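Take the sequence shown: its letter number 226 is residue 337 in the numbering used here, and every next letter is one higher. Where a beta carbon is used, it is the ideal one built from N, C-alpha and C, also for glycine. Since the model is a prediction, treat every value here as computed from it, not as a measurement. Okay, structure first, notes after.
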Amino acid sequence: MNSLEELILKRIKTNGPITFSSFMSSVLYDENFGYYSGKTNNHPLGIYGDYYTSPLVHPAFASLLAINIYHLWKAINEPGEFIIVEIGAGNGYLYREIISFYKKNIPSFLNVVTYYPVDVFSDKSKDIYDIKEVPKGITGCIISNELIDAFPVNRFIFKDKKIKEIYVDYDYKNNTFIDKINHVSEPEIASRVSPFTKNFDDGYKGEVNLGIGYWADIISSIINSGFVITIDYGYERDELYSSKNNRGSLRSYFQHSLSSNHYSNIGRQDITSHVDFTTVNHSLAVNGFEKLFYITQKKFLEYLGLEFFIRGLNQSYKNNEISNNSFNKQIYAINLLVDKNGLGNFHVSIHSKNISKDQKNIVKNQHIAYDKSMIYLEQDSDLIYPDLRNSAISFGSENKETQTWKDIFEIK
Numbered sequence: 112m113n114s115l116e117e118l119i120l121k122r123i124k125t126n127g128p129i130t131f132s133s134f135m136s137s138v139l140y141d142e143n144f145g146y147y148s149g150k151t152n153n154h155p156l157g158i159y160g161d162y163y164t165s166p167l168v169h170p171a172f173a174s175l176l177a178i179n180i181y182h183l184w185k186a187i188n189e190p191g192e193f194i195i196v197e198i199g200a201g202n203g204y205l206y207r208e209i210i211s212f213y214k215k216n217i218p219s220f221l222n223v224v225t226y227y228p229v230d231v232f233s234d235k236s237k238d239i240y241d242i243k244e245v246p247k248g249i250t251g252c253i254i255s256n257e258l259i260d261a262f263p264v265n266r267f268i269f270k271d272k273k274i275k276e277i278y279v280d281y282d283y284k285n286n287t288f289i290d291k292i293n294h295v296s297e298p299e300i301a302s303r304v305s306p307f308t309k310n311f312d313d314g315y316k317g318e319v320n321l322g323i324g325y326w327a328d329i330i331s332s333i334i335n336s337g338f339v340i341t342i343d344y345g346y347e348r349d350e351l352y353s354s355k356n357n358r359g360s361l362r363s364y365f366q367h368s369l370s371s372n373h374y375s376n377i378g379r380q381d382i383t384s385h386v387d388f389t390t391v392n393h394s395l396a397v398n399g400f401e402k403l404f405y406i407t408q409k410k411f412l413e414y415l416g417l418e419f420f421i422r423g424l425n426q427s428y429k430n431n432e433i434s435n436n437s438f439n440k441q442i443y444a445i446n447l448l449v450d451k452n453g454l455g456n457f458h459v460s461i462h463s464k465n466i467s468k469d470q471k472n473i474v475k476n477q478h479i480a481y482d483k484s485m486i487y488l489e490q491d492s493d494l495i496y497p498d499l500r501n502s503a504i505s506f507g508s509e510n511k512e513t514q515t516w517k518d519i520f521e522i523k
């Protein structure tokens, strides 16, 4: 039994079974032993990691997101100060790529931009801030990329025509953590789920994310005018709680493999669940935000001009500027970003707050003319990025990340 397991067991001994949300909060975010603390698990991403995200797959993702943010700024009449806040920035991969893109292609934009990459474990050596250090009442844009799926969730089960909660208890005979069924700890768990019980057979399991409202409250306190970009995997509530999802969406990942046991590798494996985008929309709406877009990542990147990256790569290959090997790697990686069975099926929602009707219409109707001169592939050579072609790639599958972008793109 490791130190984190001992801490959780001590709480169960003292107070009885705990909610899965409390358990998940400890295993992911305990300051000393949690998965994301970086103290017991130094490489959640990368060669020794458990998963990869879109910014790690190909720089086209960060570049196109940067272009989108730039056009959002233009849509609100180019304010003299524009603050970007990335919540859940991790080690700062996306932050560094976006800033690098602006330095290379739109350096004048950096005269008005301040970027705050924020994470629960701040690290000034990597320019990662604590949320308390972010100014309030800003004009700008807040990014959440694969953040909400990592919020702790409460688990429920439909049993004997009632919604009950799945708690975490301990089996002293077999020395393992186990599920324990009891009444719901919060009324909101039942109120969110009850409209869909007609879809449930006895034993139906699922999750409720009670942290989304708190996240929306924080965002509202930060931003006075501007946008929120949320990118994650999930569904609207009617699909999340449909009959096809009768085992819930809770997933654990350990070394790029899907784990069926949420009580194994405690503190060393990631635990996630699909995002309830209905709750995201509602929580932001009550805080004064309006939904402008809700589309798949595939459509989002294509709308922003992904085709120009592909055209640019083709031209570079024809001009013998990159090798056949580099070309194939990059095309494969770009296709992963829009794969309908993986990252391409993630959802992107954009919400606005305190912007005019005309400005909203500009955002909704503008056709972003991607400038081919903006194509920028060079990345920091010290960052580890994947060569994904030789693994059976799907989201959460095994993958070996062994090369930097400098290696992949053959940058001299």
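Every unbroken stretch of the beta strand (DSSP E) spanning 3 or more residues and falling wholly within the region 328-366 is given here in chain order: 334-343, 362-365. Distances from the CA of Ser302 to each of Lys273, Ser375, Phe262, Ile466 were compared; the closest alpha carbon is that of Lys273. Using a C-beta cut-off of 8 Å, the region 221-232 makes no contact with the region 314-326, since fewer than three inter-stretch Cβ pairs fall below that distance.
The DSSP-derived three-state label of Tyr278 is strand.
Going by DSSP, Asp450 is part of no beta strand (DSSP E) at all; its letter is neither H nor E. Contact between the region 446-465 and the region 336-347 is present: three or more C-beta pairs spanning the two stretches fall below 8 Å. Distance between Leu258 and Val386, taken at the CA atoms: about 10 Å. Residue Ile253 holds the alpha-carbon nearest to the alpha-carbon of Ile334 among Asn435, Ile253, Ala396. Leaving aside the five residues that flank Ile180 on each side, the residues in its chain whose CB is nearer than 6 Å to its CB run, in chain order, Cys252. If only complete runs of 3 or more residues are kept, the region 158-218 shows the beta strand (DSSP E) at 193-198, in order along the chain. Nearest in C-alpha terms to Asp469, of all of Asn188, Ser394, Val168, Arg266, is Asn188.
For Tyr240, DSSP records a beta bridge to Val229. In the DSSP assignment, Gly251 falls within the unbroken beta strand (DSSP E) covering 249-256. A straight line joining the alpha-carbon of Gly416 with that of Ile300 spans about 41 Å. Here the region 394-410 does not lie against the region 428-435, with fewer than 3 beta-carbon pairs under 8 Å apart. Per the coordinates, the alpha-carbon of Tyr213 lies some 54 Å from the alpha-carbon of Asp282. Annotated three-state conformation of Val397 is coil, per DSSP. Uninterrupted alpha helix (DSSP H) stretches at least 4 residues long and entirely within the region 399-432 occur at 408-415, 417-429, given in chain order.
Excluding the 5 residues flanking it on each side, Ile377 has same chain C-beta neighbours closer than 7 Å at Asn113, Leu115, Glu116, Val138, in chain order. As DSSP reads the structure, Gly317 sits in a beta bridge with Phe267.
Proximity to Asn126 across Ser375, Pro190, Asp280 peaks at Asp280, based on C-alpha coordinates. In the three-state reduction of the DSSP assignment, Val474 falls in the helix class. When Cβ pairs closer than 8 Å are counted between the two stretches, the region 227-234 is seen not to touch the region 168-184, the count staying below three. Beta-bridge annotation (DSSP): Lys273 is paired with Lys270. Going by DSSP, Lys124 is part of the alpha helix (DSSP H) stretching over 114-126. Sorting Lys275, Pro306, Glu350, Glu192 by C-alpha distance to the C-alpha of Val295 places Lys275 at the top. Nearest neighbour of Glu297 by Cα position, chosen from Val264, Phe172, Asn436, turns out to be Val264.
Between Leu183 and Val474, the CB-CB gap stays under 8 Å.
Beyond the five residues adjoining it in sequence on each side, Ile210 comes within less than 8 Å, by CB distance, of Leu221, Tyr226 in the same chain, given in chain order.
Assigned with DSSP and collapsed to three states, Val138 falls in helix.
For Asp312, the three-state secondary structure derived from DSSP is coil. Within a 10 Å sphere around the beta-carbon of Ser132 sit 16 or more other beta-carbons, which makes this residue buried. Short of 6 Å from the beta carbon of Ser331, and not among the five residues preceding or following it, lie these beta carbons of its own chain, in chain order: Asn398.
Closest option to Thr308, judged by alpha-carbon separation, among Phe262, Asn356, Phe365: Asn356. Annotation for Ser302: the continuous alpha helix (DSSP H) segment containing it runs 298-304.
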